[in-house]
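Chemist:
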Amino acid sequence: MKKEVKVGLFAVLMLLIGWGVIRVLKGADLFGNSNTYYAYYEQVGGLQEASQVMLYGVKVGSVTKIALNEDPTRGVELTLEVDKRYKLPVDSKAKIFNNGLMGGKAVEIIYGSSSEILPDDGTLQTELSVDLMEMASSEMGGLLEKVTTIMDNLTQTLEGINSLMAKNTESITSIVSNVDGVTGNVNAMLAKEREHLEEALASLSKFSKSLGDNTEEIDAIVGNMNTFSTKLAASDLIAEVEGAVAQLNTVLESVNSEDGSVGKLLRDDELYDNLTQASDNLSVLLADLKENPHRYINVSVFGSDPYKKVEKAKAKAEKKAIKRATEAAEKAAEEAEKAAKKAQ
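Each step along the sequence shown adds one to the number in this note's numbering, with nothing skipped, and position 235 is 392.
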(Lines of atoms letter the chains of each structure in order from A and count residues from 1; the text may use other names and numbers.)
(Lines give C-alpha, C1' and ligand atoms only; values in the text may rest on other atoms or scores of the structure.)
Protein backbone atom coordinates (compact mmCIF):
# COMPACT_ATOMS: atom_id res chain seq x y z
CA MET A 1 0.00 0.00 0.00
CA LYS A 2 1.29 3.33 -0.93
CA LYS A 3 2.31 5.79 1.67
CA GLU A 4 -0.10 8.44 0.39
CA VAL A 5 -3.08 6.09 0.83
CA LYS A 6 -2.12 5.34 4.40
CA VAL A 7 -1.82 9.02 5.16
CA GLY A 8 -5.23 9.67 3.62
CA LEU A 9 -6.90 6.88 5.56
CA PHE A 10 -5.28 8.12 8.75
CA ALA A 11 -6.53 11.62 8.10
CA VAL A 12 -10.07 10.38 7.45
CA LEU A 13 -9.93 8.29 10.60
CA MET A 14 -8.75 11.26 12.62
CA LEU A 15 -11.55 13.37 11.18
CA LEU A 16 -14.09 10.74 12.16
CA ILE A 17 -12.61 10.49 15.62
CA GLY A 18 -12.62 14.29 15.95
CA TRP A 19 -16.21 14.46 14.75
CA GLY A 20 -17.18 11.79 17.24
CA VAL A 21 -15.39 13.56 20.07
CA ILE A 22 -17.15 16.81 19.19
CA ARG A 23 -20.49 15.03 19.07
CA VAL A 24 -19.79 13.39 22.40
CA LEU A 25 -18.73 16.69 23.92
CA LYS A 26 -21.96 18.24 22.66
CA GLY A 27 -23.92 15.36 24.19
CA ALA A 28 -25.08 13.98 20.84
CA ASP A 29 -25.68 10.31 20.20
CA LEU A 30 -23.06 8.90 17.82
CA PHE A 31 -25.20 5.99 16.75
CA GLY A 32 -28.39 7.85 15.87
CA ASN A 33 -30.49 6.51 18.76
CA SER A 34 -32.02 9.92 19.60
CA ASN A 35 -34.74 12.25 18.39
CA THR A 36 -34.11 15.90 17.69
CA TYR A 37 -36.40 18.56 19.12
CA TYR A 38 -36.35 22.34 18.96
CA ALA A 39 -37.30 24.93 21.54
CA TYR A 40 -37.37 28.74 21.32
CA TYR A 41 -36.69 31.24 24.13
CA GLU A 42 -36.39 35.00 24.42
CA GLN A 43 -33.18 34.44 26.40
CA VAL A 44 -31.47 31.34 27.77
CA GLY A 45 -29.77 32.87 30.84
CA GLY A 46 -26.30 31.43 30.27
CA LEU A 47 -27.31 27.92 29.10
CA GLN A 48 -24.38 26.18 27.36
CA GLU A 49 -24.16 23.54 24.63
CA ALA A 50 -23.83 19.99 26.03
CA SER A 51 -26.07 20.97 28.96
CA GLN A 52 -28.22 18.13 30.19
CA VAL A 53 -31.83 17.50 29.23
CA MET A 54 -33.72 16.06 32.21
CA LEU A 55 -37.01 14.20 32.50
CA TYR A 56 -38.27 13.66 36.05
CA GLY A 57 -34.73 14.35 37.25
CA VAL A 58 -33.15 11.73 34.96
CA LYS A 59 -30.83 12.65 32.09
CA VAL A 60 -32.47 11.70 28.78
CA GLY A 61 -30.46 13.85 26.39
CA SER A 62 -28.42 17.00 25.90
CA VAL A 63 -28.40 20.40 24.27
CA THR A 64 -26.48 20.07 21.00
CA LYS A 65 -26.84 23.57 19.61
CA ILE A 66 -27.70 27.08 20.77
CA ALA A 67 -28.12 29.75 18.13
CA LEU A 68 -30.03 32.89 17.37
CA ASN A 69 -32.90 32.16 15.04
CA GLU A 70 -33.06 33.85 11.67
CA ASP A 71 -36.47 35.16 12.73
CA PRO A 72 -35.74 37.72 15.47
CA THR A 73 -39.23 37.29 16.90
CA ARG A 74 -38.44 33.70 17.81
CA GLY A 75 -35.37 34.58 19.89
CA VAL A 76 -32.88 31.79 20.66
CA GLU A 77 -33.22 28.34 19.10
CA LEU A 78 -32.21 25.30 21.13
CA THR A 79 -31.53 21.95 19.51
CA LEU A 80 -32.19 19.09 21.89
CA GLU A 81 -31.19 15.45 21.41
CA VAL A 82 -33.44 13.09 23.39
CA ASP A 83 -33.12 9.32 23.64
CA LYS A 84 -35.61 7.60 21.31
CA ARG A 85 -36.79 5.39 24.13
CA TYR A 86 -38.61 8.35 25.63
CA LYS A 87 -41.66 9.34 23.62
CA LEU A 88 -42.82 12.85 24.38
CA PRO A 89 -46.48 13.95 24.09
CA VAL A 90 -47.07 16.95 21.85
CA ASP A 91 -48.06 19.12 24.85
CA SER A 92 -44.77 18.51 26.66
CA LYS A 93 -42.83 21.62 27.62
CA ALA A 94 -39.15 22.51 27.90
CA LYS A 95 -38.01 24.72 30.78
CA ILE A 96 -34.54 26.04 31.58
CA PHE A 97 -33.62 25.74 35.27
CA ASN A 98 -30.65 26.04 37.59
CA ASN A 99 -28.91 22.70 37.89
CA GLY A 100 -26.93 23.05 41.12
CA LEU A 101 -25.71 25.82 43.38
CA MET A 102 -22.76 26.67 41.13
CA GLY A 103 -25.02 28.32 38.59
CA GLY A 104 -25.09 25.55 35.95
CA LYS A 105 -28.11 25.46 33.67
CA ALA A 106 -30.07 22.52 32.27
CA VAL A 107 -33.29 21.88 30.37
CA GLU A 108 -36.14 20.13 32.10
CA ILE A 109 -38.87 18.48 30.04
CA ILE A 110 -42.28 18.66 31.63
CA TYR A 111 -44.09 15.55 30.45
CA GLY A 112 -47.45 16.27 28.83
CA SER A 113 -50.76 14.44 29.11
CA SER A 114 -51.71 14.19 25.42
CA SER A 115 -51.94 10.80 23.74
CA GLU A 116 -50.37 12.22 20.57
CA ILE A 117 -46.60 11.78 20.39
CA LEU A 118 -44.31 14.60 19.28
CA PRO A 119 -42.45 13.49 16.13
CA ASP A 120 -38.72 13.74 15.49
CA ASP A 121 -37.64 17.30 14.58
CA GLY A 122 -40.75 18.57 16.39
CA THR A 123 -40.93 21.80 18.39
CA LEU A 124 -41.41 21.69 22.14
CA GLN A 125 -43.49 24.25 23.92
CA THR A 126 -41.48 26.36 26.34
CA GLU A 127 -42.18 27.64 29.82
CA LEU A 128 -40.60 30.53 31.61
CA SER A 129 -38.56 29.31 34.54
CA VAL A 130 -38.22 31.04 37.85
CA ASP A 131 -34.53 31.50 38.53
CA LEU A 132 -33.95 30.63 42.14
CA MET A 133 -30.86 32.75 42.27
CA GLU A 134 -32.74 35.66 40.75
CA MET A 135 -35.50 35.13 43.29
CA ALA A 136 -32.94 35.04 46.05
CA SER A 137 -31.30 38.15 44.66
CA SER A 138 -34.66 39.90 44.50
CA GLU A 139 -35.50 38.88 48.05
CA MET A 140 -32.05 39.89 49.18
CA GLY A 141 -32.52 43.23 47.47
CA GLY A 142 -35.74 43.85 49.41
CA LEU A 143 -34.12 42.63 52.58
CA LEU A 144 -31.13 44.88 52.00
CA GLU A 145 -33.46 47.84 51.56
CA LYS A 146 -35.13 47.03 54.87
CA VAL A 147 -31.77 46.55 56.56
CA THR A 148 -30.60 49.86 55.12
CA THR A 149 -33.72 51.59 56.46
CA ILE A 150 -33.23 50.01 59.87
CA MET A 151 -29.57 51.03 59.90
CA ASP A 152 -30.51 54.60 58.98
CA ASN A 153 -33.06 54.72 61.80
CA LEU A 154 -30.56 53.19 64.19
CA THR A 155 -27.96 55.75 63.15
CA GLN A 156 -30.41 58.59 63.78
CA THR A 157 -31.30 57.11 67.16
CA LEU A 158 -27.65 56.78 68.13
CA GLU A 159 -26.99 60.34 67.01
CA GLY A 160 -29.89 61.53 69.17
CA ILE A 161 -28.58 59.54 72.14
CA ASN A 162 -25.09 60.91 71.63
CA SER A 163 -26.45 64.44 71.45
CA LEU A 164 -28.51 63.90 74.59
CA MET A 165 -25.52 62.39 76.38
CA ALA A 166 -23.34 65.31 75.33
CA LYS A 167 -25.88 67.81 76.67
CA ASN A 168 -26.33 65.98 79.97
CA THR A 169 -22.78 64.82 80.60
CA GLU A 170 -22.40 67.04 83.66
CA SER A 171 -25.73 65.88 85.10
CA ILE A 172 -24.87 62.24 84.53
CA THR A 173 -21.44 62.74 86.07
CA SER A 174 -23.05 64.40 89.09
CA ILE A 175 -25.55 61.57 89.44
CA VAL A 176 -22.80 58.98 89.26
CA SER A 177 -20.80 60.90 91.86
CA ASN A 178 -23.84 61.08 94.14
CA VAL A 179 -24.44 57.36 93.73
CA ASP A 180 -20.80 56.69 94.57
CA GLY A 181 -21.11 58.93 97.63
CA VAL A 182 -24.27 57.19 98.80
CA THR A 183 -22.62 53.82 98.28
CA GLY A 184 -19.61 54.94 100.30
CA ASN A 185 -21.84 56.22 103.11
CA VAL A 186 -23.79 52.97 103.17
CA ASN A 187 -20.59 50.96 103.29
CA ALA A 188 -19.23 53.14 106.10
CA MET A 189 -22.48 52.84 108.04
CA LEU A 190 -22.51 49.08 107.60
CA ALA A 191 -18.90 48.95 108.77
CA LYS A 192 -19.79 50.95 111.90
CA GLU A 193 -22.87 48.91 112.64
CA ARG A 194 -21.22 45.62 111.86
CA GLU A 195 -20.39 44.93 115.50
CA HIS A 196 -23.96 45.72 116.56
CA LEU A 197 -25.32 43.48 113.84
CA GLU A 198 -23.00 40.69 114.91
CA GLU A 199 -24.08 41.14 118.53
CA ALA A 200 -27.74 41.13 117.52
CA LEU A 201 -27.24 37.99 115.47
CA ALA A 202 -25.36 36.36 118.35
CA SER A 203 -28.18 37.29 120.76
CA LEU A 204 -30.74 35.94 118.33
CA SER A 205 -28.75 32.75 118.04
CA LYS A 206 -28.57 32.44 121.84
CA PHE A 207 -32.31 33.10 122.10
CA SER A 208 -33.03 30.43 119.49
CA LYS A 209 -30.75 28.02 121.32
CA SER A 210 -32.44 28.86 124.62
CA LEU A 211 -35.83 28.18 123.08
CA GLY A 212 -34.53 24.88 121.82
CA ASP A 213 -33.13 23.97 125.24
CA ASN A 214 -36.39 24.88 127.01
CA THR A 215 -38.78 23.24 124.62
CA GLU A 216 -40.17 20.96 127.32
CA GLU A 217 -40.83 23.87 129.70
CA ILE A 218 -42.50 25.88 126.95
CA ASP A 219 -44.66 22.89 126.07
CA ALA A 220 -45.59 22.53 129.76
CA ILE A 221 -46.56 26.22 129.99
CA VAL A 222 -48.67 25.95 126.87
CA GLY A 223 -50.29 22.82 128.26
CA ASN A 224 -51.09 24.58 131.55
CA MET A 225 -52.61 27.49 129.68
CA ASN A 226 -54.75 25.11 127.65
CA THR A 227 -55.83 23.34 130.85
CA PHE A 228 -56.64 26.66 132.54
CA SER A 229 -58.67 27.86 129.56
CA THR A 230 -60.51 24.51 129.48
CA LYS A 231 -61.35 24.71 133.19
CA LEU A 232 -62.35 28.33 132.86
CA ALA A 233 -64.70 27.46 130.04
CA ALA A 234 -66.18 24.56 132.04
CA SER A 235 -66.66 26.55 135.31
CA ASP A 236 -69.64 28.68 136.39
CA LEU A 237 -67.51 31.85 136.59
CA ILE A 238 -68.74 33.08 133.24
CA ALA A 239 -72.35 32.54 134.27
CA GLU A 240 -71.76 34.37 137.58
CA VAL A 241 -70.10 37.27 135.81
CA GLU A 242 -72.97 37.43 133.35
CA GLY A 243 -75.45 37.44 136.29
CA ALA A 244 -73.57 40.24 138.05
CA VAL A 245 -73.51 42.26 134.86
CA ALA A 246 -77.25 41.71 134.45
CA GLN A 247 -77.92 42.91 138.02
CA LEU A 248 -75.71 45.95 137.50
CA ASN A 249 -77.64 46.75 134.32
CA THR A 250 -80.89 46.47 136.32
CA VAL A 251 -79.59 48.91 138.98
CA LEU A 252 -78.44 51.35 136.31
CA GLU A 253 -81.81 51.13 134.59
CA SER A 254 -83.54 51.83 137.93
CA VAL A 255 -81.26 54.81 138.54
CA ASN A 256 -81.92 56.14 135.05
CA SER A 257 -85.65 55.53 135.39
CA GLU A 258 -87.77 58.48 136.53
CA ASP A 259 -90.11 56.16 138.48
CA GLY A 260 -87.47 54.84 140.94
CA SER A 261 -86.66 56.51 144.25
CA VAL A 262 -83.02 57.09 143.37
CA GLY A 263 -84.03 58.43 139.98
CA LYS A 264 -86.52 60.80 141.61
CA LEU A 265 -83.89 61.80 144.17
CA LEU A 266 -81.40 62.56 141.43
CA ARG A 267 -83.92 64.35 139.22
CA ASP A 268 -85.96 66.24 141.90
CA ASP A 269 -84.56 69.76 141.75
CA GLU A 270 -86.66 70.96 144.72
CA LEU A 271 -85.31 68.22 147.02
CA TYR A 272 -81.77 69.04 145.91
CA ASP A 273 -82.32 72.72 146.64
CA ASN A 274 -83.80 71.95 150.10
CA LEU A 275 -80.87 69.73 151.05
CA THR A 276 -78.43 72.37 149.87
CA GLN A 277 -80.24 75.09 151.79
CA ALA A 278 -80.38 72.95 154.97
CA SER A 279 -76.67 72.31 154.75
CA ASP A 280 -75.97 76.01 154.31
CA ASN A 281 -78.22 76.93 157.25
CA LEU A 282 -76.53 74.35 159.46
CA SER A 283 -73.12 75.79 158.59
CA VAL A 284 -74.29 79.32 159.38
CA LEU A 285 -75.86 78.14 162.66
CA LEU A 286 -72.67 76.44 163.80
CA ALA A 287 -70.57 79.48 162.91
CA ASP A 288 -72.90 81.87 164.74
CA LEU A 289 -73.09 79.51 167.73
CA LYS A 290 -69.31 79.61 168.06
CA GLU A 291 -69.20 83.38 167.76
CA ASN A 292 -72.27 84.25 169.89
CA PRO A 293 -73.18 81.39 172.23
CA HIS A 294 -75.02 83.75 174.61
CA ARG A 295 -77.76 84.20 172.03
CA TYR A 296 -78.82 80.59 172.43
CA ILE A 297 -77.99 79.99 176.15
CA ASN A 298 -79.60 81.66 179.26
CA VAL A 299 -76.89 82.20 181.95
CA SER A 300 -77.67 83.04 185.62
CA VAL A 301 -74.99 85.10 187.32
CA PHE A 302 -76.21 84.61 190.90
CA GLY A 303 -74.67 82.17 193.37
CA SER A 304 -71.77 81.03 191.11
CA ASP A 305 -68.81 82.23 189.11
CA PRO A 306 -70.25 84.02 186.14
CA TYR A 307 -67.30 83.24 183.90
CA LYS A 308 -67.43 79.50 184.58
CA LYS A 309 -71.14 79.34 184.04
CA VAL A 310 -70.78 81.11 180.75
CA GLU A 311 -68.07 78.73 179.63
CA LYS A 312 -70.08 75.74 180.76
CA ALA A 313 -73.19 76.93 179.00
CA LYS A 314 -71.17 77.63 175.86
CA ALA A 315 -69.72 74.10 175.87
CA LYS A 316 -73.14 72.56 176.44
CA ALA A 317 -74.65 74.55 173.60
CA GLU A 318 -71.84 73.47 171.28
CA LYS A 319 -72.43 69.81 172.18
CA LYS A 320 -76.15 70.13 171.49
CA ALA A 321 -75.53 71.81 168.18
CA ILE A 322 -73.01 69.16 167.17
CA LYS A 323 -75.43 66.42 168.24
CA ARG A 324 -78.27 67.95 166.22
CA ALA A 325 -76.03 68.31 163.17
CA THR A 326 -74.87 64.71 163.54
CA GLU A 327 -78.45 63.46 163.87
CA ALA A 328 -79.45 65.45 160.80
CA ALA A 329 -76.55 63.99 158.81
CA GLU A 330 -77.36 60.44 159.97
CA LYS A 331 -80.98 60.93 159.06
CA ALA A 332 -80.05 62.15 155.59
CA ALA A 333 -77.76 59.12 155.15
CA GLU A 334 -80.56 56.76 156.24
CA GLU A 335 -82.94 58.36 153.77
CA ALA A 336 -80.38 57.95 150.98
CA GLU A 337 -79.78 54.29 151.92
CA LYS A 338 -83.52 53.57 151.95
CA ALA A 339 -83.89 55.18 148.57
CA ALA A 340 -81.04 53.05 147.19
CA LYS A 341 -82.62 49.86 148.57
CA LYS A 342 -85.96 50.74 147.02
CA ALA A 343 -84.21 51.34 143.71
CA GLN A 344 -82.78 47.82 143.85
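Every residue gets a Cβ at the ideal spot worked out from N, C-alpha and C, and that includes glycine.
1) Quick test of the definition: if touching needs 3 or more C-beta pairs under 8 Å, does the stretch 191–211 touch the stretch 228–239?
2) Please report how far the alpha carbon of T230 lies from the alpha carbon of Y197, in whole angstroms.
3) Whose CA, out of T407, E352, S208, lies closest to the CA of V217?
4) Can you name, in chain order, every residue of its own chain whose Cβ lies under 7 Å from the Cβ of D240, other than the five neighbours on each side?
5) Looking at the unbroken beta strand (DSSP E) that takes in D248, where does it start and where does it end?
6) Do you know how far the Cα of E399 is from the Cα of L405?
7) Let me make sure I understand the geometry here. Which of G269, K262, E265 has the alpha-carbon closest to that of S249?
8) Taking S191 as part of the beta strand (DSSP E), name the residues at either end of that continuous run.
9) Applying the criterion that 16 or more other CB atoms from any shown protein chain within 10 Å of the CB defines a buried residue, is A251 buried or exposed?
10) Taking K244 and I274 to be in contact with their CB atoms under 8 Å, please state how far apart those CB atoms are, rounded to whole angstroms.
11) To the nearest angstrom, report how far apart S328 and N335 are at their CA atoms.
12) Nearest-angstrom Cα distance between V343 and S331?
13) Sort out for me which residues DSSP pairs E265 with in a bridge.
14) Drop a sphere of 10 angstroms on the beta-carbon of D210, count the other beta-carbons inside from all chains shown, and report buried for 16 or more, exposed for fewer.
15) By alpha-carbon positions, which one of R242, K222, G299 ends up nearest to P276?
16) Just tell me which of A224, E265, T340, K476 has its CA closest to the CA of V215.
17) Go through its chain and collect everything with a Cβ distance to T372's Cβ below 6 Å, but skip five positions before and after it.
18) Just the C-alpha distance for V247 and G299, rounded to the nearest angstrom, thanks.
19) Going by C-alpha distance, which of M171, V441, T280, E284 is nearest F254?
20) How far does the beta strand (DSSP E) with E234 in it extend, from its first residue to its last?
21) Between which residues of its own chain and T256 is the CB-CB distance below 7 Å, once the five residues before and five after are set aside?
22) Which first and last residues belong to the alpha helix (DSSP H) in which S367 is found?
23) In whole angstroms, give me the CA-to-CA distance for K324 and R351.
24) Quick check on DSSP: helix, strand or coil for V217?
25) Classify Y194 as buried or exposed, calling it buried when 16 or more other Cβ atoms lie within 10 Å of its own Cβ.
26) Could you tell me the alpha carbon to alpha carbon distance between T280 and A168, rounded to whole angstroms?
27) Tell me, to the nearest whole angstrom, how far the beta carbon of A485 is from that of L439; I am working on the premise that it is less than 8 Å.
Modeler: Let's see:
1) yes
2) 10 Å
3) S208
4) N190, S191, V217, G218
5) That residue, D248, is in no beta strand (DSSP E); it is neither H nor E in DSSP.
6) 10 Å
7) G269
8) 191–198
9) buried
10) 5 Å
11) 10 Å
12) 18 Å
13) M211, K252
14) Residue identity differs from the one stated: residue 210 is Val in this sequence, not Asp. V210 is buried by the Cβ-count criterion.
15) R242
16) E265
17) none
18) 40 Å
19) E284
20) 233–240
21) The question names Thr, but residue 256 in the sequence shown is Asn. Excluding positions up to five away in sequence, the list reads Q209, K262, A263.
22) 351–370
23) 42 Å
24) strand
25) buried
26) 37 Å
27) 7 Å
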